[in-house]
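Undergrad: Residue numbers (the working numbering), protein chains in the order written: chain A, 1 to 424; chain B, 1001 to 1424; chain C, 2001 to 2424. Let me begin by handing over the structure; questions about it come next.
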Amino acid sequence: MLSREDNALLTQVERGTPMGTTLRRYWIPALLARELPEPDGAPVRVRLLGEDLIAFRDTRGQVGLLDEFCPHRRASLFFGRNEECGLRCVYHGWKYDVDGRCVDMMNEPPDLQFKDKIFITSYPTVECGGVVWAYMGPAERKPALPSFAWTRVPATHVTVSKVIQESNWLQGVEGGIDTSHAPILHRLLTSNTTRPGFKPDNPFVRGKAPTLALDVTDYGYRYAGIRPLDEANIHVRTYQFILPFHQIRPSRSEGGVPLVAGHMWVPIDDDNTMVYNWEYSTTDAPLTAEDRLERRLGNGPLDVDQTTFRSKRNRQNNYLLDRQVQKTESFTGIDGINVQDRAIQEGMGPIVDRSREHLGPADRAIIQARRLLLEAVRVVSEGGTPRGIEPTYTTLAAAEAVMPREADWREMTLAAGSQIEQTV
Amino acid sequence: MLSREDNALLTQVERGTPMGTTLRRYWIPALLARELPEPDGAPVRVRLLGEDLIAFRDTRGQVGLLDEFCPHRRASLFFGRNEECGLRCVYHGWKYDVDGRCVDMMNEPPDLQFKDKIFITSYPTVECGGVVWAYMGPAERKPALPSFAWTRVPATHVTVSKVIQESNWLQGVEGGIDTSHAPILHRLLTSNTTRPGFKPDNPFVRGKAPTLALDVTDYGYRYAGIRPLDEANIHVRTYQFILPFHQIRPSRSEGGVPLVAGHMWVPIDDDNTMVYNWEYSTTDAPLTAEDRLERRLGNGPLDVDQTTFRSKRNRQNNYLLDRQVQKTESFTGIDGINVQDRAIQEGMGPIVDRSREHLGPADRAIIQARRLLLEAVRVVSEGGTPRGIEPTYTTLAAAEAVMPREADWREMTLAAGSQIEQTV
Amino acid sequence: MLSREDNALLTQVERGTPMGTTLRRYWIPALLARELPEPDGAPVRVRLLGEDLIAFRDTRGQVGLLDEFCPHRRASLFFGRNEECGLRCVYHGWKYDVDGRCVDMMNEPPDLQFKDKIFITSYPTVECGGVVWAYMGPAERKPALPSFAWTRVPATHVTVSKVIQESNWLQGVEGGIDTSHAPILHRLLTSNTTRPGFKPDNPFVRGKAPTLALDVTDYGYRYAGIRPLDEANIHVRTYQFILPFHQIRPSRSEGGVPLVAGHMWVPIDDDNTMVYNWEYSTTDAPLTAEDRLERRLGNGPLDVDQTTFRSKRNRQNNYLLDRQVQKTESFTGIDGINVQDRAIQEGMGPIVDRSREHLGPADRAIIQARRLLLEAVRVVSEGGTPRGIEPTYTTLAAAEAVMPREADWREMTLAAGSQIEQTV
């Protein structure tokens, strides 16, 4: 549980709030690169940390991310014309380049123009991993570019999607780094079903309730959920949490190929989150077209409208929960592993009241994540650099295995390249 | 008219408000028994006095009514699994019985569980008259079970339905105990119509504007609207008001059989009300399938969606008001007697500003009801027991008749079994 | 730019606000006369300056405009019966005439009625130019009836329409009196299109960015946008601004006949505006059926639902913006000149933050309009009579022409009949 004050501190992200200031020290996913498929194409609305912005790809291919509203009379640049290396407001023809400079002023005679005095808020962007990332913080603190394992593999080997979640970002993070719910919420009741989820014979399900072992690192933490299987063996599944909102977990393709997967929970505003979902192949085998449909997770184009990024199974239709299926096939009666997560996390309300929780030992990873986020806020307020800024996370992965009780799970968590500070 | 302060006092029902505390001393209808048709069936969302709750019928058939949110991490129990005498949260598998005890904790190893320390808010329930009633007040003040004439007749002889009204509950009560509007709002303009309402030759319509005679009783009041018909005769129609929100009135089946009918206006929250509608046969004749359609009132399955309990004629479509019908057939041009009531009461806005009313002698029953409700709030605040708690109302009914001017209407109001305190 | 305080002062219109008090000194368009086509027809909801009202045409043809809510118990008179020279509340049958007098009280016996003590708020109305105008101010300050050139031509020569705009009224006014945006926002990219807008060969488009010349008058101002065409010629287009919200501009029928046109931006409330659009023929030629469709502007029955007065192209569907059309045919990719205006003005948000603007010389007409509106508020607060009340505007028109550089545009602005105070 958290005090109401700490709950507000962790969840509020608008400019000027402590967490808003902290998040603005990181590179933040702004949109998918494929939403801006061509130079001089249609501009796109982006709402990020409570700010209304417009993204566009200019004639040279560079992505601009500007305040939505023209500084002249505050017309929306969503209506803008993307032409000749700039975005032009259609109201009076003022035009801005990707750096926010005003480069034309159609409505004023040349001798009366005052272009040099006009700037629009613009944020630096970079594209990698199929994502356009933005930096919304102070120029002098701009960190190294994002560089995750998944952003560096060839495009043939990685897929990334996004979907809107109608809740605060922290509810997403806390679901993503919580191993204890996974074989419960996502459980299947029978092996005789094609629905997504963990079948009864999966050691993840067969294992008893887990104990957690957690190493705090310079990027956040890694941890394992350790489930006793029998006298000799345990099931171990590891996760990485990289501040402020990155999760890495082991996964598997539809065809059974081992993958590494993860999410980023990016605040749209206090009450809405854009969830980014990525998966990449750790072998030579590229992803297949089927993999890119993300049927199992319910995040792909079959499940999420690719214009609005709203899930077809959503709060308004109770996620198409089928009570008969819940009786006989799956624990929830809802199809799609991440649809199940969204149902639960949206069902808590926009910002859950953490002062009314009752946490136990299985919630230690959540408790630790909150501590690290509160620490990050404090470090930023003192002028320092919080965890997850320095790219010590670049080779992280996660894994899952059945192993002898006496084996060391840490050997399995793939090259960390980072400092372990403390084992909790 | 009321002061703004008294208007707020009477209309606000959330926990901790004076009226909220008062209402929580009574048994409150929570949902229809038929919404929980079978043991271990689907749980149902219930919003009552501003509280979000989940109802479920357990393996033994008992109805539980729990806080919607799991005390662990506040996931919604709407998604819960109803199994083996309890409702299990699908997020981490915590499970609660109808009394709110935590009986399982799937995510924690046995030696780390702390079930005994976890309780979820639960309210006692009882089923009678086809309704599940809840008691949301202090345990030591739990009153005798609800026992109305209509809850004690055989199921063959009674029908009960419900419909959402988009206004505060008091607007419903004040419409229900107001005889003066009935032969005006619900009037037909011609006898040559099949639309529901009171025809011109009905003595209720033929009679002149009424005078009101009212007896305050230990349960609330009974009163009569007395309408002069001619030199010799009057039309009398009686009503019972039982605190806090029960009305009893005379009625008649589609086939002309005399019935007794009534409403309960149960606050969903300050701005929304669940209106319960019941009718029972006072003779040996059971109700027919046609009676159960409630065509005349517009409350049955033909008129109200039986999943959402929203009326098909509603504010968004102006209740399908037909101005031509209003010119030639009915006073309002709206079909359904209680649809007409809802149109008027919702049209006042969520909470009508009673400081801007202009009441007259015909409004005496309304004025008296407010006085009794204000008295109940005061009595409760002083630790006492308000009217309508003790079951002195169990044999009440209401009737309608043409009678000689000199006859006593009180003889007609069927066994009161209660104390008359004052005649107003 | 404006201070936040002045922005609030100019935009807030509810009763009791300084601008609300100022606007209530003028005749205000309440609805189209054709919305009340016949005596004793259906009453119509009208929201005006934040007040909920009901309009009805009584048996004699006179238009009443009453508070929506019956003074008795505050039922909505939208449900009312319009009969025998009055509007009758269907709840208890109280009836009001167009002057707000209570003339019947069905629910009370004759000896208990108190009709003489009951009044409902009613506003005087007058019909002219196809519009019902209301006066909502103090009786002793009621001004002369509205009398514009367009309200005095035969009905065959004038058309008037209305459409809801989801923004504050001032955003509409400021767009309407701003010549500098017109040949930019409404520009066509090619002459080879049938879409509405200004083609590249139009001198309005060929001309360079304008300088503005403005004469403050006793009704508001007239001004010209002057655009250099070549060494010898200029293009001049004049506008009239009549306080508080009238615009007059030159126009042209679909068939090329010169017209005079204009708008009125009437506050529904702070966040919504009813835009009235009128056009009249200045020659002997009447308007055609085609003219009344207002295809070019996008305000007619093909484009606006004539029951709800919502535009079919609206914020929810991005005004059906077509990015391919925006690339090749029109500056915005949106069809309909006034749809383009609404897109821009609604896109600014309900009330634009004028403290964050950057205005230039091309915005002088806007700056001047704000000054005059602030002056009007001050004059009214001091008990005086603001500009635009006295009918000095009755013969105003506007015009457009290519003329020699040395010609005087003021000769072109048609009979002013008013006093020029100052040339800005």
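Using N, Cα and C, we set each Cβ at its ideal position, and we do this for glycine too. Computed from a predicted structure; not experimentally measured.
(1) Could you work out which residue in A:261, A:36, A:338 is closest to residue 197 of chain A when comparing CA atoms only?
(2) Between the alpha carbons of residue 96 of chain A and residue 104 of chain A, how many angstroms are there, rounded?
(3) Looking at the structure shown, is residue 241 of chain A part of a helix, part of a strand, or coil, going by DSSP?
(4) In the DSSP assignment, find the alpha helix (DSSP H) that holds residue 2027 of chain C and state where it starts and stops.
(5) Residues of chain C with a CB under 8 Å from the CB of residue 1001 of chain B: which are they?
(6) Of all the CB atoms in chain A, is at least one closer than 9 Å to the CB of residue 2014 of chain C?
(7) Under 9 Å, Cβ to Cβ, is there at least one residue of chain A near residue 2358 of chain C?
(8) Among all the DSSP beta bridges, which residues are the ones paired with residue 2274 of chain C?
(9) With 8 Å as the limit, tell me which residues of the region 2071–2103 of chain C have their beta carbon closer than that to any beta carbon of chain B; keep them in chain order.
(10) Would you mind sorting residue 1116 of chain B into buried or exposed? The rule is 16 or more other CB atoms within 10 Å of its CB.
(11) With contact counted as at least three CB pairs below 8 Å, one residue from each stretch, are the region 2236–2254 of chain C and the region 2170–2177 of chain C in contact?
(12) What does residue 1028 of chain B touch in chain A if you count any residue whose Cβ is under 9 Å from its own?
(13) Identify every run of the beta strand (DSSP E) within the region 356–418 of chain A, keeping only runs that are complete inside it and at least 3 residues long; order them along the chain.
(14) Listed from N- to C-terminal order along the chain, which residues in the region 1027–1052 of chain B have their beta-carbon within a distance smaller than 7 Å of any beta-carbon of chain A?
(15) Using 9 Å as the threshold, is the C-beta distance between residue 1263 of chain B and residue 1172 of chain B below it?
(16) When you compare each of C:2089, C:2328, C:2157 to residue 2189 of chain C by their alpha carbons, which one comes out closest?
(17) Applying a beta-carbon distance threshold of less than 8 Å, which residues of chain B neighbour residue 331 of chain A?
(18) Whose Cβ in chain A lies nearer than 9 Å to the Cβ of residue 1964 of chain C?
(19) Would DSSP call residue 2309 of chain C helix, strand or coil?
(20) Between the Cα of residue 2210 of chain C and those of A:111, A:257, A:218, A:283, spot the shortest distance and give me the residue it belongs to.
(21) Among B:1106, B:1063, B:1155, which has the Cα closest to the Cα of residue 1040 of chain B?
(22) What residues in the region 136–149 of chain A bring their beta carbon closer than 9 Å to a beta carbon of chain B?
(23) Going by beta carbon distance, what residues of the same chain come within less than 6 Å of residue 2056 of chain C, once the five residues before and after it are set aside?
(24) In the DSSP output, which residue or residues are listed as bridge partners for residue 2069 of chain C?
(25) So, are the CB atoms of residue 1326 of chain B and residue 1336 of chain B less than 9 Å apart?
(26) Is the CB of residue 1107 of chain B under 9 Å away from at least one CB in chain A?
(27) So the candidates are A:255, A:13, A:89; which of them puts its Cα closest to the Cα of residue 2185 of chain C?
(28) Quick one: does residue 2250 of chain C have its CB under 9 Å from some CB of chain B?
(29) Is the CB of residue 114 of chain A under 9 Å away from at least one CB in chain C?
(30) Keeping to the same chain, check which residues put their C-beta closer than 8 Å to that of residue 129 of chain A; ignore five residues upstream and five downstream.
(31) Pairs of beta-carbons, one from the region 1021–1038 of chain B and one from the region 1127–1142 of chain B, closer than 8 Å: are there three or more?
(32) State buried or exposed for residue 48 of chain A, treating a residue as buried only when at least 16 other CB atoms are found within 10 Å of its CB.
(33) Quick check on residue 69 of chain A - is its C-beta less than 9 Å from some C-beta in chain C?
(34) Alpha carbon to alpha carbon, how far is residue 1219 of chain B from residue 1169 of chain B? Give it in angstroms, no decimals.
(35) Closer than 7 Å between beta carbons: that is the criterion. Which residues of the region 1194–1217 of chain B meet it against chain C?
(36) Measuring CB atoms only, is the region 244–262 of chain A touching the region 281–298 of chain A, in the sense that at least three cross pairs come out at less than 8 Å?
TA: Short version:
(1) A:338
(2) If I take the Cα positions, the gap works out to 7 Å.
(3) strand
(4) No alpha helix (DSSP H) contains residue 2027 of chain C, which is instead part of the beta strand (DSSP E) from 2027–2032.
(5) Those within 8 Å of residue 1001 of chain B in chain C number zero; the least Cβ separation is about 10 Å.
(6) no
(7) Yes, because at least one Cβ of chain A sits closer than 9 Å to the Cβ of residue 2358 of chain C.
(8) C:2164, C:2266
(9) 2071, 2072, 2073, 2074, 2075, 2076, 2078, 2079, 2081, 2090, 2091, 2092, 2093
(10) By the C-beta density criterion, residue 1116 of chain B is exposed, having fewer than 16 other C-beta atoms within 10 angstroms.
(11) Output reads yes: the region 2170–2177 of chain C touches the region 2236–2254 of chain C.
(12) None at all; the shortest Cβ gap to chain A is about 24 Å.
(13) 400–404
(14) 1042
(15) yes
(16) C:2328
(17) 1081, 1090
(18) No statement about residue 1964 of chain C is possible, as the shown extent of chain C runs from 2001 to 2424 and does not include it.
(19) coil
(20) Distance check between residue 2210 of chain C and each of A:111, A:257, A:218, A:283 places A:111 closest, using alpha-carbon atoms only.
(21) B:1063
(22) none
(23) 2043, 2064, 2082, 2087
(24) C:2076
(25) no
(26) yes
(27) A:89
(28) no
(29) yes
(30) Excluding residues within five positions, the ones whose Cβ falls inside 8 Å are 146, 148, 150, 151, 152, 158, 160, 278.
(31) A contact exists between the region 1021–1038 of chain B and the region 1127–1142 of chain B.
(32) buried
(33) yes
(34) A direct Cα-to-Cα measurement between residue 1169 of chain B and residue 1219 of chain B gives close to 19 Å.
(35) 1208, 1209, 1211
(36) yes
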